[in-house]
Amino acid sequence: MFISLFPSISPLVICCSVVLAVGIACLLRHVLMRQNEDEISHAGTGKISRRLGSFERYFSIIASGYSTCYLNTVLLLESKVKLDPGHLKTALLMLSERFALLRMRITVDNVFQQCFEEMEDPQSLEFQTRMDIDSENWLSAFNEHINFAPFNTEKGPLWRVTLLRETTESEGEGILYKNALLFTFHHIICDARSVFEFKNKLLQFLGSLYNGKAMKVETLAFRPTLERMTLNLTKPNILERLLIPLLVGCSKLSAMIRKPKMANLYLLKFPPNVRDSLAQTTHAIPRCLTKEQTMALVSCCKANGCTVHGAITAATHLAMKQIIEPEQTEQKPPLLFDSNYTVDIRQQCEPKLGREEFGLYATFDALQIEVKGTEEFWDFSRTCTNKVHRKIDSGEHMNFLKLIQCVNLPSLWNLFCSETKHGQRKELFNLTNLGVLSIDQEGKSPYKFAGAYFAVQSAKFPFITGNEIFTINDQLYWTVEYSPEIITRSRAQDFVDLSLRILMDACIS
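In my numbering, the protein residues as written are 1479 to 1987.
What follows is the structure, given as structure tokens:
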């Protein structure tokens, strides 16, 4: 009808004009919203507050309505003394005092912008003890925790803790006590490295409380938004503010006109069992290497001129190639796989942030790799290492932070949801590798680290599996998260086990 009023104007011109108008409107809206966005205020109630940044607002949109985008982790402990629940609660409150974001809720200001604001009761804690599940059966409780009810963001807090029933076993003439702690954090308050720092401090506080030592808690600064701290790297220029909304608008028009094309090679061979009536859930598959296996992997990577992340990237891509095409021949054309990886950007913030900071200081970037299946493993690992390093050196991992400052965030997420709903799920997997970490290796705490796993509620995300990897106290821990409506448990297990076997075979060959 609109086109018939202007017969001399082509539909393409009209579409471009509409999209340009949207781009200009987004630019004006952005300028208005940026006013006072980063100010940390104590006005009114005297409680600290500030508006959410674009990155935080984006994760808030993802999480609205369901618990996708929550970070979940389990911490396993062993000790020769019982864990005192009173000490545990005290230590958790000490952590809340140290990290301001643990005391936050989400409110709306007088111009309808979301804000962090301290809770009415900063000592509020969402803590429960599950006496119906033993610590040795932590995996079933962990899967339940991953798919738990959403947070009451208006009230807070934006994290919760569950302590499972303590179990014991004989150790010589004594008793070994085993505990499992489950944590869930809203992604807008932290990233994976922050969760690790949380655990590290928790064990320090528990040890001090057990030993009766008085501790003064150092409260860390409440930081501005990530966009403000990376302004020199992520601030879009005028041209980008106009062009990026145009590109997103064109993608939306394309999605409206035609059904998104299936682009995922795995799903083309193994179609997902997704229906609108199906409640999609996320489940975890934990794996762990021994210290000897981990050290062998690290040594081989150093000897062959690649990073552990590069070797894991190579192994996961080769494993997926074997699952999709079990027969490896030179005649078959290579497969082109899309994935994404997470990047910690604390050192690129201004001021630079230390590892002890708690917040959302990570971003992600896409990776496209051609896989023949006949590559020599260490050559392929060096290729993967170099690809990631080149992308980080060029600053491509900051592009998403630019993108979300230029577009309407709900529309952007709806575009991704539309593609996912039609089965596109372009990426094979996400790979988060926190690198080498340590927890109380000196043995100062009576509660010894016995393992940890990490998973994101990711059923709505556009990848097949998520992979959360870190090395703590010389042992590599790997969690695969999957949605049974997208990929079966047995095939997700095959994927991680095959990836690990490729890694270990390369180390002994």
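In this text, a Cβ means the ideal position worked out from N, Cα and C, and glycines have one as well.
Only counting the same chain, and skipping five residues up and downstream in sequence, which positions put a Cβ closer than 6 Å to that of Ile1624?
Within the sequence shown, the letter at position 146 stands for residue 1624. Asn1550, Thr1760, Ala1933 and Gln1935, listed in sequence order.
Does DSSP put Asn1615 in a helix, a strand or coil?
Start at 1 with the first residue of the sequence shown, and residue 1615 comes out as number 137. Of the three classes helix, strand and coil, the one that applies to Asn1615 here is helix, per DSSP.
I believe Glu1644 touches Asn1657 by the beta-carbon criterion, under 8 Å. Please report the beta-carbon distance rounded to the nearest angstrom.
Along the sequence shown, one-based indexing puts residue 1644 at 166. Along the sequence shown, one-based indexing puts residue 1657 at 179. With a Cβ gap of about 5 Å, Glu1644 and Asn1657 count as contacting.
Just the C-alpha distance for Ser2059 and Arg1979, rounded to the nearest angstrom, thanks.
Since the displayed the chain opens at 1479 and closes at 1987, residue 2059 lies outside it and no answer follows.
Which same chain residues, not among the five before or five after Gln1758, have their C-beta less than 6 Å away from its C-beta?
On the sequence shown, position 280 is the one that residue 1758 refers to. Here the set comprises Ala1937, Ser1961 and Glu1963.
Starting from the N-terminal side, write out each stretch of the beta strand (DSSP E) that is 3 residues or longer and does not extend beyond the stretch 1859-1938.
Qualifying beta strand (DSSP E) stretches, in chain order: 1905-1915 and 1926-1934.
Report, in whole angstroms, the separation of the C-beta atoms of Ile1950 and Ile1917, which I expect to be a contact under 8 Å.
As a working mapping, residue 1950 is identified with position 472 in the sequence shown. As a working mapping, residue 1917 is identified with position 439 in the sequence shown. Right, their Cβ atoms sit about 6 Å apart.
For the alpha helix (DSSP H) containing Asn1710, list its first residue and its last residue.
Within the sequence shown, residue 1710 is the residue found at index 232, counting from 1. Leu1709 to Thr1712 is the span of the alpha helix (DSSP H), which, as asked, contains Asn1710.
Residue ranges of each beta strand (DSSP E) run of no fewer than 3 residues wholly in the stretch 1751-1789, ordered along the chain?
Listed in chain order, they are 1761-1766.
Looking only at its own chain, which residues have a Cβ that is under 7 Å from the Cβ of Arg1512, when we skip the five neighbours before and after it?
Position 34 of the sequence shown, counted from the first residue, corresponds to residue 1512. For Arg1512, the predicted model reports a pLDDT of 48, less than 50, meaning its position is unreliable; a value from the coordinates is still stated below. Same-chain partners within the cutoff: there are none.
Quick one: grab the DSSP three-state call for Asn1678.
Translated into positions along the sequence shown, residue 1678 becomes position 200. Three-state DSSP puts Asn1678 in a helix.
Quick check: is any heavy atom of the ligand SAH less than 6 Å from the C-beta of Pro1962?
As far as ligands go, the structure on display features none, and thus does not contain the ligand SAH.
Would you check if the distance between the CB atom of Ile1847 and the CB atom of Phe1815 is smaller than 7 Å?
What you label residue 1847 is simply residue 369 of the sequence shown in a count that begins at 1. What you label residue 1815 is simply residue 337 of the sequence shown in a count that begins at 1. Their beta carbons are under 7 Å apart, which means Ile1847 touches Phe1815 by this criterion.
Which residue marks the beginning of the beta strand (DSSP E) containing Tyr1819, and which one marks its end?
The count along the sequence shown starts at 1 and reaches residue 1819 at position 341. Here the beta strand (DSSP E) through Tyr1819 covers Leu1813 to Asp1822.
Looking only at DSSP bridge pairs, what is Lys1656 linked to?
Working through the sequence shown from its first residue, we reach residue 1656 at position 178. Glu1556 and Thr1645.
Let me make sure I understand the geometry here. Which of His1867, Ala1670 and Arg1701 has the alpha-carbon closest to that of Ile1518?
One-based indexing of the sequence shown puts residue 1518 at position 40. It is Arg1701.
Would you mind working out which of Lys1747, Leu1704, Leu1731 and Lys1922 sits nearest Cys1679, comparing C-alpha positions?
Counting from one through the sequence shown, the residue named residue 1679 turns up at place 201. Before going further, note that residue 1679 is Lys rather than Cys in the sequence given. Closest option to Lys1679, Cα to Cα, is Lys1922.
Any beta-carbon of chain D closer than 7 Å to the one on Leu1731?
The structure shown contains no chain D, having only a single protein chain.
In the DSSP assignment, the beta strand (DSSP E) including Cys1728 goes from what residue to what residue?
Your numbering for residue 1728 matches position 250 in the sequence shown. Taken as a continuous stretch (DSSP letters only), Cys1728 belongs to no beta strand (DSSP E), being part of the alpha helix (DSSP H) at Ile1716 to Ile1735.
Cβ atoms of Glu1905 and Asn1782: under 7 Å apart, would you say?
Looking up residue 1782 in the sequence shown gives position 304. Looking up residue 1905 in the sequence shown gives position 427. No, Cβ-Cβ distance for Asn1782 and Glu1905 is not below 7 Å.
Nearest to Pro1468 by CA position, among Tyr1536, Phe1842, Arg1719 and Gly1837, is which residue?
Given that the chain is displayed from residue 1479 to residue 1987, the structure contains no residue 1468 and the question cannot be resolved.
Can you give the Cα-Cα distance for Ala1733 and Pro1750, rounded to whole angstroms?
Within the sequence shown, numbered from 1, the residue matching residue 1733 stands at position 255. Within the sequence shown, numbered from 1, the residue matching residue 1750 stands at position 272. Straight-line Cα distance between these residues: approximately 21 Å.
So what's Asp1952 in DSSP terms, helix, strand or just coil?
Indexing the sequence shown from 1 puts residue 1952 at position 474. Of the three classes helix, strand and coil, the one that applies to Asp1952 here is coil, per DSSP.
When the distance is taken between beta carbons, is Gly1531 closer than 7 Å to Glu1718?
Start at 1 with the first residue of the sequence shown, and residue 1718 comes out as number 240. Start at 1 with the first residue of the sequence shown, and residue 1531 comes out as number 53. Contact flag unset, no.
Measuring CA to CA, which of Leu1909, Lys1558, Asn1689 and Leu1603 is closest to Gly1650?
Here residue 1650 refers to the residue found at position 172 of the sequence shown. Of the candidates Leu1909, Lys1558, Asn1689 and Leu1603, the one whose C-alpha sits nearest the C-alpha of Gly1650 is Lys1558.
How big is the Cα-Cα spacing for Leu1746 and Phe1907?
Taking the sequence shown and counting its residues from 1, the one referred to as residue 1746 is at position 268. Taking the sequence shown and counting its residues from 1, the one referred to as residue 1907 is at position 429. Using only the alpha carbons, I get a separation of about 15 Å.
Measuring alpha carbon to alpha carbon, tell me which of Lys1850, Thr1772, Ser1872 and Phe1894 ends up nearest Phe1948.
Working through the sequence shown from its first residue, we reach residue 1948 at position 470. Out of Lys1850, Thr1772, Ser1872 and Phe1894, Thr1772 has the C-alpha closest to the C-alpha of Phe1948.
Have a look at Val1726 and Cys1862 and give me their C-alpha separation to the nearest angstrom.
Taking the first residue of the sequence shown as position 1, residue 1726 is located at position 248. Taking the first residue of the sequence shown as position 1, residue 1862 is located at position 384. In a straight line, the C-alpha of Val1726 is about 29 Å away from that of Cys1862.
I need the DSSP call for Ser1488, collapsed to helix, strand or coil.
Start at 1 with the first residue of the sequence shown, and residue 1488 comes out as number 10. The predicted model places Ser1488 with a pLDDT of 45, which falls under 50 and marks its position as unreliable; any figure quoted below should be read in that light. Coil at Ser1488, not helix or strand.
Give the DSSP-derived three-state secondary structure of Val1695 in the structure shown.
Against the sequence shown, residue 1695 aligns to sequence position 217. Here Val1695 sits in coil by DSSP.
Tell me Trp1637's beta-bridge partners as DSSP assigns them.
Position 159 of the sequence shown, counted from the start, is the residue given in the question as residue 1637. Paired residue(s): Phe1663.
Leaving out the 5 sequence neighbours to the left and right, which residues in its chain are closer than 6 Å to Phe1683 when beta-carbon positions are compared?
Here residue 1683 is taken as the residue at index 205 of the sequence shown, counted from 1. Closer than 6 Å at the Cβ level, and outside the excluded window around Phe1683, lie Ala1569 and Met1572.
Does the beta-carbon of Pro1635 have 16 or more other beta-carbons within 10 angstroms, so that it is buried, or is it exposed?
Position 157 of the sequence shown holds residue 1635. Looking at its Cβ environment, which holds 16 or more other Cβ atoms inside 10 Å, Pro1635 is buried.
Let me check one thing: in DSSP terms, what residues is Gln1601 bridge-paired to?
Within the sequence shown, the letter at position 123 stands for residue 1601. Note: Gln1601 sits in no beta bridge, so no partner.
Does the Cβ of His1867 have 16 or more other Cβ atoms within 10 Å, making it buried, or fewer, making it exposed?
As a working note, residue 1867 is residue 389 in the sequence shown. By the neighbour-count rule (16 or more Cβ atoms within 10 Å), His1867 is not buried but exposed.
Here's a check: name, in chain order, each residue in its chain whose Cβ is nearer than 6 Å to the Cβ of Ser1977, leaving out the five neighbours to either side.
By one-based count along the sequence shown, residue 1977 stands at place 499. Result list for Ser1977: Ala1793, Thr1794 and Ala1797, in chain order.
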